[in-house]
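J.: Structure below; questions to follow.
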Amino acid sequence: MSTKSIASVTSANKAAWEASAYLHKSGDGWARLIEAASQPGFSVLDDTVTELLRKYHVEGRCAVQVGCNNARELISLASLGGVPMLGIDQSPSFLAQGRELADAAGLELNVLEANIYDLPKSVGRFDLVLITIGVLSWMPDLPEFFRAISGLMDDGAVLVIYETHPFLEIFDPHRENPHEPGFSYFEGASSTYSGDYL
Ligand SMILES: C[S@@+](CC[C@H](N)C(=O)[O-])C[C@H]1O[C@@H](n2cnc3c(N)ncnc32)[C@H](O)[C@@H]1O
Numbered sequence: 018m019s020t021k022s023i024a025s026v027t028s029a030n031k032a033a034w035e036a037s038a039y040l041h042k043s044g045d046g047w048a049r050l051i052e053a054a055s056q057p058g059f060s061v062l063d064d065t066v067t068e069l070l071r072k073y074h075v076e077g078r079c080a081v082q083v084g085c086n087n088a089r090e091l092i093s094l095a096s097l098g099g100v101p102m103l104g105i106d107q108s109p110s111f112l113a114q115g116r117e118l119a120d121a122a123g124l125e126l127n128v129l130e131a132n133i134y135d136l137p138k139s140v141g142r143f144d145l146v147l148i149t150i151g152v153l154s155w156m157p158d159l160p161e162f163f164r165a166i167s168g169l170m171d172d173g174a175v176l177v178i179y180e181t182h183p184f185l186e187i188f189d190p191h192r193e194n195p196h197e198p199g200f201s202y203f204e205g206a207s208s209t210y211s212g213d214y215l
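This note's numbering puts the sequence shown at residues 18 to 215.
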C-alpha cells in the first residue's frame, strides 16, 4: 500500500477516535476507572490476557503498548510486576485521559502521540510490546505495521497480541440468547458502548 494511502486511512481513523473520546469521559464509568486506578493491584486485564502475560514472564519487563488508547491496560501491567514505560497512540484526547489515569495510579508513564506508520526514530526499544483488542483491525497495511513493531523490540523482547475479530461485536453477551446476533455487522455507529469501563 502506498504511503499516501496509509496516511489517508490513518488520518480518517484518528479523526474518528478523536470525535469519540469525550464519550469515554462521560457517565460515571470514567470516575470509577480513575478511582479503581488509584487502588493497589489495579487491572482491567481479563483472565485470558493475564494468563498469557504471566506465561511470558511480564515481571520486570519494560513495556510499550501500541494503540494504547487511554492506557488503562498498559497501567494494568504494573499489577503483574511489569513496568509500563510508553503508550503510543495517535489520538491526543485519549492520551490525555491516559495521563490522568497514570497520575491516579501514581505511575510515571510516558505517552507518545504518533501514527505507528510514522514513528520518530528515537522511540527506543522495549522488553515487551503489547497490542490488544481493537488495534489490528484498523491497520491498513499489516506488513508495514509489523515492521514498525519489530523496531520497538529489544533483543529477547516478547510481543503479546490479544485480538478478536470485529465480527464478534454483533453478539451481546448480556442478552437472553447471547449466541444469536444482536447487532448488525454493518451499522455505522457503535451500538454497544455503554460508557462503562469496569
Ligand atoms: C480499540 S482502541 C484500543 C483499546 C484498548 N484495547 C483498550 O481496551 O483500552 C484502538 C486504538 O488504536 C489507536 N490507533 C488506531 N490507528 C492507529 C495508528 N495508525 N497509530 C497509532 N494509534 C492508532 C486508536 O487511536 C485507538 O486509541
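All C-beta atoms in this analysis are idealised placements derived from N, C-alpha and C, irrespective of residue type, glycine included.
Here the structure is a predicted model, which means the values were calculated and not measured.
1. Report all residues from its chain with a CB closer than 7 Å to the CB of residue 199; omit the five preceding and five following residues, and keep chain order.
2. Is residue 106 buried or exposed, if buried means 16 or more other CB atoms sit within 10 Å of its CB?
3. In the DSSP output, what is residue 127 paired with across the bridge?
4. Quick one: residues in its chain with C-beta nearer than 7 Å to the C-beta of residue 102, no 5 flanking neighbours on either side, listed in chain order?
5. One question on the structure: do residue 108 and residue 21 come within less than 8 Å of each other, judged by their Cβ atoms?
6. Where does residue 56 sit, in a helix, a strand or coil, going by DSSP?
7. Which residues bound the beta strand (DSSP E) around residue 147?
8. Please name the residue or residues paired with residue 170 in a DSSP beta bridge.
9. Note the first and the last residue of the continuous beta strand (DSSP E) segment covering residue 83.
10. With distances taken Cα to Cα, identify the nearest neighbour of residue 177 among 104, 139, 122, 69.
11. For the alpha helix (DSSP H) containing residue 30, list its first residue and its last residue.
12. Residues in the same chain with beta-carbon distance under 6 Å from residue 26, minus the five sequence neighbours each way, listed in chain order, please.
13. Does the beta carbon of residue 39 fall short of 7 Å from some heavy atom of ligand 1?
14. For residue 93, count the other beta carbons within 10 Å of its own beta carbon; 16 or more makes it buried, fewer makes it exposed. Which is it?
15. Out of 169, 49, 23, 58, which one is the CA nearest neighbour of residue 145?
16. Hey, would you say the C-beta of residue 31 is under 7 Å away from at least one heavy atom of ligand 1?
17. Rounded to a whole number of angstroms, what is the C-alpha to C-alpha distance between residue 132 and residue 166?
18. Apart from the five residues just before and just after residue 148, which ones in its own chain have a Cβ nearer than 6 Å to its Cβ?
T.: Checking against the coordinates, here is how it stands:
1. 187, 188, 189, 192
2. buried
3. 103
4. 79, 80, 81, 127, 143
5. no
6. coil
7. 143-148
8. 143
9. 79-83
10. 69
11. 20-37
12. 157
13. no
14. buried
15. 169
16. yes
17. 12 Å
18. 83, 178
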